[in-house]
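Only one structure is covered here, and it is reproduced in the block below.
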Amino acid sequence: MTALTATAAEVPRLTDPVLPKGPLLDEFGQSRIHEWPGRSRSREEVTARLKSQFEQAPRQAWPDGFSRWGGCTAIKLRGTGFFRTHNDGQRWWLIDPDGYAFWSAGVDCVRIDTAAAYRGLEKALSWMPPKDGPFRAIYSGRDDERTSINYLAANFIHAFGPESWYERWSAIALAELRRLGFNTVANWSDWKIAARAAFPYVRPLDYGFRETPKVYREMPDVFDPLFEKEAGSFARQLEETKNDPAFIGYFLMNEPTWGFASETPAAGMLFTTETCPSRKALREWLGRKYAGDNALSAAWALPVTLDSVERGRWTRPLSPGAQKGLADFSAVMVTRFFRTLTDACRKVDPNHLNLGIRYHTIPPPWALDGMRTFDVFSMNCYESKVRAAEMAKIAALLSMPVM
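Residue numbering for the sequence shown follows the numbering used here, beginning at 30 and increasing consecutively.
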């Protein structure tokens with residue numbers, strides 16, 4: 030590395046990169062300065078390959094033993110017309126709309142997902158078409174600056190033209206998934222292409238909640254009347270897919286930030302939010318457990334009053350007793366949080382599975398009761414292998430399948 034310098038001023042942007050071997054990328058988006066087996070050599074070769082894949086796409090089926098939804102034809106149960114869960118006494122399954130056992134094997138980000146920032150690196154690119162011509166769609170970026178370029182999209186536009194390239198990409202992408210034995214268009218994808226093709230898919234809901242105040246990280250004030258109102262708006266996203274049999278289910282959110290904290294949501298709320306309806310609810314909850322300030326102080330081993338729990342800036346360290354009490358109330362908050370969202374979603378869409386929140390690990394005990402509102406516990410795994418013991422533990426704790 031070069032020497033590091035700390036500066037208060039904005040670092041000047043790179044405008045003239047040193048490129049002793051010339052541009053780094055060719056017109057297809059490949060490296061110009063490396064060689065490898067299978068490297069595309071000409072525009073004609075790339076176009077011919079894409080057209081061949083498109084011609085073969087309608088004939089590309091799942092491997093033998095797959096149902097029309099990608100389920101396992103060897104295991105037949107009751108079909109309901111939608112995906113559902115089932116426990117056969119030994120393990121949990123998803124069941125496809127026709128009643129076949131379904132093991133979801135999917136790929137995230139099924140979309141033209143190769144846009145790369147090029148600002149200041151124009152010299153490194155061999156080919157940049159005009160931004161307002163037939164290749165307009167290959168440019169993207171914030172605030173209409175359009176400072177990212179997508180060569181995968183460009184290759185499809187070259188092959189199929191600016192009007193039909195995306196439709197042709199969709200057909201090829203889904204055919205490739207079938208060929209490889211994948212049966213789910215997974216999270217953060219262009220799920221509408223799967224819906225049109227009756228290919229099983231999941232979708233993430235947009236977790237906005239811009240009106241309801243936050244009490245700790247992204248945990249909304251679940252006792253604020255605005256929360257229930259916004260939950261109804263949140264659920265209306267499901268209107269367009271509520272009758273689609275190819276739709277497996279929805280993720281409420283992804284890895285909520287309060288789940289990574291060393292403190293519970295209620296404890297975090299004490300330190301970050303001076304007054305709010307949830308702190309008022311905490312005071313009322315504690316008031317039902319303890320007969321006044323003296324009893325609360327004794328339980329928490331702190332000089333504390335119900336008034337100080339309800340409002341004001343909290344600066345004192347929390348005793349083990351206080352942490353236990355706040356963990357118990359965090360369970361109340363989380364249960365109210367997920368129950369409200371789940372009820373709102375099921376009111377709009379009673380047909381599809383609530384796939385949870387894609388938690389990053391085994392949840393702490395105070396979060397579990399709220400998660401019993403899910404149909405499936407979804408979990409992100411950052412290890413080289415799935416932790417089977419963790420999967421079994423959470424499936425047993427919640428009595429639901431794990432995705």
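We treat Cβ as the ideally placed atom computed from N, Cα and C, and that holds for glycine. Remember, it's a predicted structure, so these values are computed and weren't measured experimentally.
Considering only DSSP beta bridges, list what residue i is partnered with.
{"i": "residue 121", "result": "116"}
{"i": "residue 80", "result": "In DSSP, residue 80 forms no bridge with anything."}
{"i": "residue 95", "result": "101"}
{"i": "residue 406", "result": "431"}
{"i": "residue 169", "result": "177"}
{"i": "residue 47", "result": "The partner list for residue 47 (beta bridge, DSSP) is empty, contrary to what the question assumes."}
{"i": "residue 248", "result": "245"}
{"i": "residue 146", "result": "177"}
{"i": "residue 436", "result": "Residue 436 lies beyond the residue range present for the chain, which begins at 30 and ends at 432; the question has no answer from this structure."}
{"i": "residue 60", "result": "54"}
{"i": "residue 388", "result": "408"}
{"i": "residue 383", "result": "279"}
{"i": "residue 154", "result": "54"}
Do you know whose CA, among the options, lies nearest residue i's CA?
{"i": "residue 143", "options": "301, 181, 246", "result": "181"}
{"i": "residue 89", "options": "353, 204, 119, 110", "result": "204"}
{"i": "residue 299", "options": "289, 311, 369", "result": "311"}
{"i": "residue 74", "options": "62, 63, 56", "result": "56"}
{"i": "residue 239", "options": "337, 256, 224, 387", "result": "256"}
{"i": "residue 133", "options": "277, 265, 60", "result": "277"}
{"i": "residue 87", "options": "322, 72, 201", "result": "201"}
{"i": "residue 83", "options": "334, 341, 196", "result": "196"}
{"i": "residue 398", "options": "426, 382, 413, 372", "result": "426"}
{"i": "residue 269", "options": "225, 284, 293, 283", "result": "225"}
{"i": "residue 293", "options": "353, 113, 254, 326", "result": "353"}
Going by other Cβ atoms of all chains shown within 10 Å of its Cβ, with 16 needed for buried, is residue i buried or exposed?
{"i": "residue 85", "result": "exposed"}
{"i": "residue 164", "result": "buried"}
{"i": "residue 92", "result": "exposed"}
{"i": "residue 211", "result": "buried"}
{"i": "residue 272", "result": "exposed"}
{"i": "residue 209", "result": "exposed"}
{"i": "residue 304", "result": "exposed"}
{"i": "residue 415", "result": "exposed"}
{"i": "residue 168", "result": "buried"}
{"i": "residue 130", "result": "buried"}
{"i": "residue 198", "result": "buried"}
{"i": "residue 72", "result": "exposed"}
{"i": "residue 228", "result": "buried"}
With residue i as the anchor, note down where its alpha helix (DSSP H) starts and where it stops.
{"i": "residue 371", "result": "349–377"}
{"i": "residue 294", "result": "294–301"}
{"i": "residue 314", "result": "306–318"}
{"i": "residue 448", "result": "Limits of the chain in this structure are 30 at one end and 432 at the other, which puts residue 448 out of reach."}
{"i": "residue 337", "result": "335–339"}
{"i": "residue 261", "result": "254–264"}
{"i": "residue 201", "result": "194–209"}
{"i": "residue 227", "result": "First-last for residue 227: undefined, no H or E at that position."}
Pull up the distance between the alpha-carbon of residue i and that of residue j, whole angstroms please.
{"i": "residue 70", "j": "residue 185", "result": "16 Å"}
{"i": "residue 27", "j": "residue 356", "result": "The shown model of the chain, from 30 to 432, leaves out residue 27, and the question about it has no answer."}
{"i": "residue 79", "j": "residue 176", "result": "26 Å"}
{"i": "residue 380", "j": "residue 213", "result": "18 Å"}
{"i": "residue 385", "j": "residue 171", "result": "30 Å"}
{"i": "residue 106", "j": "residue 431", "result": "20 Å"}
{"i": "residue 309", "j": "residue 302", "result": "12 Å"}
{"i": "residue 146", "j": "residue 345", "result": "47 Å"}
{"i": "residue 366", "j": "residue 247", "result": "12 Å"}
{"i": "residue 49", "j": "residue 139", "result": "36 Å"}
{"i": "residue 291", "j": "residue 332", "result": "23 Å"}
{"i": "residue 261", "j": "residue 374", "result": "8 Å"}
{"i": "residue 362", "j": "residue 244", "result": "11 Å"}
{"i": "residue 162", "j": "residue 46", "result": "27 Å"}
{"i": "residue 217", "j": "residue 318", "result": "44 Å"}
{"i": "residue 101", "j": "residue 115", "result": "14 Å"}
{"i": "residue 435", "j": "residue 391", "result": "Past the edges of the chain, shown from 30 to 432, lies residue 435, and the structure says nothing about it."}
Locate the beta strand (DSSP E) running through residue i, then write down its first and last residues.
{"i": "residue 243", "result": "243–245"}
{"i": "residue 232", "result": "230–233"}
{"i": "residue 130", "result": "129–131"}
{"i": "residue 276", "result": "276–280"}
Can residue i be considered in contact with the ligand COA, in the sense that its beta carbon sits closer than 7 Å to one or more heavy atoms?
{"i": "residue 269", "result": "As for the ligand COA, it is missing from this structure, which has no ligand bound."}
Are any of the Cβ atoms in chain C nearer than 8 Å to that of residue i?
{"i": "residue 43", "result": "No chain C appears in the structure shown, which is made up of a single protein chain."}
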